[in-house]
């Protein structure tokens with residue numbers, strides 16, 4: 004089960020419909036990859052569009068007050084999911100965007116709850132300095148930053164989880180010049196709000212992580228590594244999808 008945590012400017016009245024649709028996109032991507040990538044891991048997938056805290060607006064986006072309040076509520080949500088499924092707990096992962104990643108790191112460094120994976124997209128950082136401080140299965144903390152994302156990598160609220168010293172697996176989402184992905188099978192995300200859109204490499208990676216196949220995400224190649232300058236080329240074993248799944252969907 005994936006719990007998707009939003010960032011700033013998300014309100015129930017203003018964005019709930021869009022956020023629910025985004026969770027639906029995450030669900031559909033997981034449902035597509037699960038039968039092929041993790042056929043023995045259970046009968047289905049589930050995605051929760053979590054809006055259990057008030058996200059910052061233009062007047063308070065520089066404060067961590069709402070992140071701390073949200074972290075407490077996120078802990079209670081995750082603990083509740085664990086509690087109601089005692090004895091048959093699902094694989095539980097958090098997918099956190101922007102300020103939501105700061106909130107999630109505060110929650111998962113509290114020692115009050117554990118999850119199987121944490122995926123952070125466009126993160127402005129937090130006071131957590133290493134992935135080892137997070138109550139997440141070892142090796143299952145992931146971070147991604149898109150090309151032309153002005154928030155990712157800033158470390159505005161503390162340590163940037165995209166730094167190698169942090170210890171998270173970095174998703175290879177950067178593209179040198181072309182926001183269309185340079186001919187790759189999946190389009191590279193572009194900007195701060197593109198990560199969970201259908202057809203993007205980031206959404207596909209999020210789905211693989213959620214079904215327990217983080218070993219297949221493009222996280223072992225970093226910007227400037229190798230002969231392709233950090234751009235990972237498409238290979239069949241990397242994507243684990245059928246040809247009919249590769250049609251444009253955005």
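Numbering (this note's numbering), first residue to last: 4 to 253. We put the beta carbon where it would ideally sit given N, CA and C, even for glycine.
Pop quiz: residue i and residue j are said to be a contact at Cβ under 8 Å. What is the actual Cβ separation, rounded to whole angstroms?
i           : j           : result
residue 30  : residue 48  : 6 Å
residue 50  : residue 26  : 5 Å
residue 174 : residue 144 : Going by Cβ atoms, the distance from residue 174 to residue 144 rounds to 11 Å, so no, they are not a contact pair.
residue 6   : residue 97  : 5 Å
residue 85  : residue 55  : Contact flag wrong, Cβ pair sits at about 16 Å.
Can you tell me where the alpha helix (DSSP H) with residue i in it begins and where it stops?
i           : result
residue 81  : 68-87
residue 108 : 102-111
residue 145 : No alpha helix (DSSP H) holds residue 145; the beta strand (DSSP E) holding it covers 144-147.
residue 138 : Unbroken run through residue 138: none, as it is neither H nor E.
residue 35  : 15-40
In chain order, what residues of the same chain have a beta carbon less than 8 Å from the beta carbon of residue i, not counting five sequence neighbours either side?
i           : result
residue 32  : 201, 206, 207, 209 and 210
residue 157 : 127, 128 and 163
Who are the near neighbours of residue i in its chain, counting only those whose CB is closer than 6 Å to its CB and skipping five residues on each side?
i           : result
residue 99  : 8, 107 and 123
residue 93  : 4
residue 116 : 78, 81 and 82
residue 37  : 48 and 214
residue 132 : 162
Among the candidates the options, whose CA atom is the shortest distance from the CA of residue i?
i           : options               : result
residue 163 : 151, 175 and 147      : 147
residue 28  : 142, 80, 197 and 81   : 197
residue 138 : 177, 214 and 118      : 118
residue 109 : 73, 214, 215 and 168  : 73
residue 114 : 136, 64 and 169       : 136
residue 167 : 189, 141, 161 and 134 : 134
residue 53  : 80, 68 and 132        : 80
residue 220 : 132, 142 and 105      : 142
residue 64  : 105, 35 and 95        : 105
residue 68  : 132, 35 and 160       : 160
Using the rule of at least 16 other Cβ atoms within 10 Å of the residue's Cβ for burial, across every protein chain shown, is residue i buried or exposed?
i           : result
residue 88  : exposed
residue 22  : buried
residue 227 : Unreliable positioning characterises residue 227 in this predicted model, as indicated by a pLDDT of 34, which lies under 50. The coordinate reading is nonetheless provided below. Flag for residue 227 reads exposed.
residue 40  : buried
residue 171 : buried
residue 42  : exposed
residue 83  : exposed
residue 212 : buried
residue 13  : buried
residue 61  : exposed
residue 66  : exposed
residue 130 : exposed
residue 90  : exposed
residue 189 : buried
residue 217 : buried
residue 24  : exposed
Leaving out five residues before and five after residue i in sequence, what residues of the same chain have Cβ atoms less than 7 Å from its Cβ?
i           : result
residue 194 : 149, 151 and 152
residue 10  : 58, 100, 101, 102 and 103
residue 155 : 125, 126, 148, 149 and 165
residue 176 : 147, 148, 149, 191, 192, 204 and 205
residue 18  : none
residue 140 : 119 and 120
residue 71  : 109
residue 111 : 118, 121, 137, 138 and 139
Could you check where the beta strand (DSSP E) with residue i kicks off and where it finishes?
i           : result
residue 206 : Segment 204-213 is the alpha helix (DSSP H) holding residue 206; no beta strand (DSSP E) there.
residue 52  : 50-52
residue 120 : 120-124
residue 5   : 5-8
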